[in-house]
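Following: one structure in structure tokens, then a few remarks.
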């Protein structure tokens, strides 16, 4: 079956613009994570969704960042008023449930803010 | 919340040597410890994981050990090959807890 799919693969935007990043998880996976990876750096947790539970937003770096997950499937990460420091690869992952099961990653969206 | 520390940040070995990467975690409730490999420009992929009810797990040239008392776990790669060169991430989580990653180890295997 299909893996985790993210779009777009690359996004170049001007400082101050809003961007939306999309993630299609593996069908049937109830958990969905967003991570950020700056160049040569680690995986910074942003947010996760688990079924119908309230999302864990504890990793969102500022109120310019938000995410939603509609119908328990597709998720959108929105960054408002982008800044140069937002430039990074944004990775989405899904798993059968949050916590102690394998997380499958998408290929990521490379965001460049100019 | 959970905090995972990983060492070393870089590791250079000769082909055929063994490589060991170590991680510590803070939350005693964590019970799942996966290891991911990320090749340059690629997505992270699971290579092995271990749960808290076992102390060691092997899969061909890779093995992971877990010491719950000390809250640390390690990745062992034997007979390293150039294609093992990548960044390796450890992680920890518990039931209904987010997956928290270490800072990564860049492994370079020289022929």
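Residue numbers (the working numbering), protein chains in the order written: chain U, 1 to 114; chain A, 1001 to 1111.
Even glycine gets a Cβ: it sits at the ideal position worked out from N, Cα and C.
Keep in mind the model is a prediction, meaning the values are calculated, not measured.
- Determine the direct distance from the alpha carbon of residue 35 of chain U to that of residue 1072 of chain A, and round the result to whole angstroms. 24 Å
- Task: Pull out every residue of the segment 1003-1035 of chain A whose Cβ sits closer than 7 Å to any Cβ of chain U, in chain order.
- Result: Residues passing the 7 Å Cβ filter: 1031, 1032, 1034.
- Message: Mapping the DSSP letters down to three states, classify residue 1027 of chain A as helix, strand or coil.
- Response: In the structure shown, residue 1027 of chain A falls within a coil segment according to DSSP collapsed to helix, strand and coil.
- Item | the segment 104-113 of chain U touching the segment 15-26 of chain U, judged by at least three CB pairs closer than 8 Å | Proximity of the segment 104-113 of chain U to the segment 15-26 of chain U meets the contact definition, three or more beta-carbon pairs being nearer than 8 Å.
- Between the segment 91-107 of chain U and chain A, which residues of the former have a C-beta closer than 9 Å to a C-beta of the latter? 91, 93, 95, 97, 98, 99, 100, 101, 102, 103, 104, 105, 106, 107
- Task: Locate the beta strand (DSSP E) running through residue 1049 of chain A, then write down its first and last residues.
- Result: 1045-1051
- Buried versus exposed call for residue 1070 of chain A [16 or more other C-beta atoms within 10 Å across all chains shown]: exposed
- Three-state secondary structure (DSSP) of residue 1082 of chain A: helix
- Task: In the DSSP assignment, find the unbroken beta strand (DSSP E) run with residue 24 of chain U in it and report its ends.
- Result: Start and end: 19-24.
- Please find out if some non-hydrogen atom of the ligand GTP comes closer than 7 Å to the beta-carbon of residue 1066 of chain A. With respect to the ligand GTP, the structure offers nothing, as it holds no ligand at all.
- Put residue 63 of chain U into one of helix, strand or coil per three-state DSSP. coil
- Leaving out five residues before and five after residue 102 of chain U in sequence, what residues of the same chain have Cβ atoms less than 7 Å from its Cβ? So the qualifying residues of the chain are 95.
- Query: Could you give the distance in angstroms between the alpha-carbon of residue 86 of chain U and the alpha-carbon of residue 108 of chain U?
  - Reply: 14 Å
- Query: Are the Cβ atoms of residue 21 of chain U and residue 1043 of chain A separated by less than 8 Å?
  - Reply: no
- Message: I need the boundaries of the beta strand (DSSP E) containing residue 95 of chain U, first residue and last residue.
- Response: 88-95
- Is the shortest distance between the beta-carbon of residue 42 of chain U and the beta-carbons of chain A less than 8 Å? yes
- Check whether the segment 1048-1064 of chain A touches the segment 1014-1032 of chain A, counting contact only when three or more Cβ pairs, one atom from each stretch, lie closer than 8 Å. yes
- Closest to residue 1003 of chain A by CA distance: which of A:1026, A:1075, A:1074 is it? A:1026
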